[in-house]
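Colleague: The following block contains the structure, expressed as structure tokens.
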Amino acid sequence: MCGRFTREYTWRQLHELLSLTFEFPEQWQGSAAFAPSYNVAPTQDSPVCRAARSGGDGAVPPGREVVPMQWGLRPAWVDKPGLAPINARSETVATSPMFRQAFKKRRCLVPVSGFYEWKKDGDRKRPHYIRLRDQPVMCFAGLWEFRGEGSSGNAKGARDAERGKGGGGEGAPLLTFTILTTRPNALMKDIHDRMPVIVDPPRFEEWLGEDVPDPSMFEPFAAGRMEAFEVSTRVNSPKNNNAALVEPVARDGLFG
């Protein structure tokens with residue numbers, strides 16, 4: 112699974128990677144979702160890229176948009192408060208009742224700088240940081256959902272969510288996301304039995320498009336383009352959030 116990631120990238124790096132046609136939205140100035148974070152955890156907000164649909168008042172032009180969403184998928188029809196999965200298995204996402212509608216209609220990209228995974232070592236779990244060797248930001252395959260404030264959602268909430276409204280502000284639909292996972296590549300299999308689905312830039316349009324993507328999208332990312340190293344156990348607590356968390360540590364130099 113993927114339960115923590117980092118956000119060190121700049122808006123310019125994101126703008127270039129996602130081929131965005133707009134500058135940083137004024138309404139997100141000062142938003143914690145766009146600030147650097149070295150320990151993004153479930154229930155926190157983070158930028159998500161989705162297809163922008165046109166039509167109706169206040170609609171955005173067709174293309175891509177970036178909005179803050181809360182990590183942990185909460186479809187409008189789910190009333191159980193604690194049910195907000197942070198990951199979805201790519202092998203069953205097309206048929207799972209929890210994910211199949213979002214997979215058909217609400218796919219997204221989750222930009223990250225890297226992610227953490229914990230390797231079992233006897234009765235301990237040792238955190239590792241994983242990132243790409245050749246670029247400062249990568250995108251996970253994700254799904255997004257919306258729900259009306261304090262209710263099971265409504266038609267207006269659906270229209271607002273599809274047209275780029277929501278993602279913050281009183282009365283706005285709550286936008287949430289989950290990250291798809293797949294089997295591990297050669298690098299990851301020594302650390303964990305799952306890894307995030309990483310989408311290569313040439314396939315961004317396929318993932319965000321209206322047609323169901325080819326299953327090859329879920330193949331593990333090339334291990335040779337990734338690196339992993341052990342980091343401090345201070346990352347175990349979401350309260351710790353600084354650049355030291357992503358620094359390699361020797362086995363004898365672990366903190367705790």
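Count along the sequence shown starting at 1, add 111, and that's the number in the working numbering.
A virtual CB, placed ideally from N, CA and C, is assigned to each residue, including glycine.
Given the structure is predicted, the values throughout are model-derived calculations rather than measurements.
Is H126 helix, strand or coil when you go by DSSP?
Modeller: In the sequence shown, the residue the question calls residue 126 occupies position 15. Reduced to three states, the DSSP call for H126 is helix.
Colleague: Could you give the uninterrupted runs of the alpha helix (DSSP H) lying entirely in the segment 270-355, keeping only those of 4 residues or more?
Modeller: Fully enclosed alpha helix (DSSP H) runs of 4 or longer: 315-319.
Colleague: Return the residue from the list M112, C113, L125, G114 that minimises the CA-CA distance to P247.
Modeller: Within the sequence shown, numbered from 1, the residue matching residue 247 stands at position 136. The candidate whose alpha carbon is nearest that of P247 is L125.
Colleague: How would you call C113, buried or exposed, if buried means at least 16 neighbouring beta carbons within 10 angstroms?
Modeller: Counting from 1 along the sequence shown, the entry for residue 113 is found at position 2. When all chains shown are included, C113 counts as buried.
Colleague: If you follow the alpha helix (DSSP H) that Q246 is part of, which residue opens it and which one closes it?
Modeller: What you label residue 246 is simply residue 135 of the sequence shown in a count that begins at 1. Note, Q246: premise wrong, no alpha helix (DSSP H); not H, not E.
Colleague: With the cut-off set at 8 Å, would you say P238 and N352 are in Cβ contact?
Modeller: Counting from one through the sequence shown, the residue named residue 238 turns up at place 127. Counting from one through the sequence shown, the residue named residue 352 turns up at place 241. Going by C-beta atoms, P238 is not nearer than 8 Å to N352.
Colleague: Excluding the five sequence neighbours on either side, which residues of its own chain have a C-beta within less than 8 Å of the C-beta of K236, listed in chain order?
Modeller: Walking along the sequence shown from the start, residue 236 turns up at place 125. For K236, where only same-chain residues beyond five positions count, the Cβ hits under 8 Å are W229, K230.
Colleague: DSSP on V159, reduced to helix/strand/coil?
Modeller: The residue labelled residue 159 in the question sits at position 48 within the sequence shown. If DSSP states are grouped into helix, strand and coil, V159 belongs with the strands.
Colleague: What residue from A199, D325, P136, P222 has the CA that sits closest to M306's CA?
Modeller: For this step, residue 306 is matched to residue 195 along the sequence shown. Of A199, D325, P136, P222, the residue nearest in Cα terms is A199.
Colleague: Here's the rule: buried if 16 or more other CB atoms are within 10 angstroms of the residue's CB, otherwise exposed. What is R244?
Modeller: Here the question's residue 244 lines up with position 133 in the sequence shown. Classification for R244: exposed.
Colleague: T206: which of A334, F226, V323 sits nearest, CA to CA?
Modeller: Here residue 206 refers to the residue found at position 95 of the sequence shown. Of the candidates A334, F226, V323, the one whose C-alpha sits nearest the C-alpha of T206 is V323.
Colleague: Should W255 be labelled buried (16 or more other beta-carbon atoms within 10 Å of its own) or exposed?
Modeller: Residue numbering aside, residue 255 sits at position 144 when the sequence shown is read from its first letter. With 16 or more Cβ atoms within 10 Å of its Cβ, W255 is classed as buried.
Colleague: Measure how close the beta-carbons of L285 and G253 come, nearest whole angstrom, since I'm counting them as under 8 Å.
Modeller: For the purposes of this step, residue 285 is taken as residue 174 along the sequence shown, with counting starting at 1. For the purposes of this step, residue 253 is taken as residue 142 along the sequence shown, with counting starting at 1. In fact, because the Cβ distance is near 16 Å, the residues do not count as touching under 8 Å.
Colleague: For a test of the three-state rule: what should DSSP assign to A213, helix, strand or coil?
Modeller: Walking along the sequence shown from the start, residue 213 turns up at place 102. A213: helix per DSSP, three-state reduction.
Colleague: For the beta strand (DSSP E) holding Q232, just list the boundary residues, first then last.
Modeller: Translated into the one-based positions of the sequence shown, residue 232 becomes position 121. Just to set this straight, residue 232 is Asp in the shown sequence, not Gln. Residues 225-232.
Colleague: Please confirm whether V411 and R118 have their CB atoms less than 8 Å apart.
Modeller: Given a span of 112 to 367 for the chain in the structure shown, any question on residue 411 remains unanswerable.
Colleague: P331 and T293 look like a contact to me (Cβ under 8 Å); what is the Cβ gap, rounded to whole Å?
Modeller: Locating residue 331 in the sequence shown gives position 220, counting from the first residue. Locating residue 293 in the sequence shown gives position 182, counting from the first residue. Correct: roughly 6 Å between the Cβ atoms.
Colleague: State the start and end residues of the unbroken beta strand (DSSP E) segment that holds N154.
Modeller: Numbered from 1 along the sequence shown, position 43 holds the residue referred to as residue 154. According to the sequence provided, residue 154 is Thr. The question's Asn does not apply to it. T154 -> no beta strand (DSSP E), and no H or E assigned at all.
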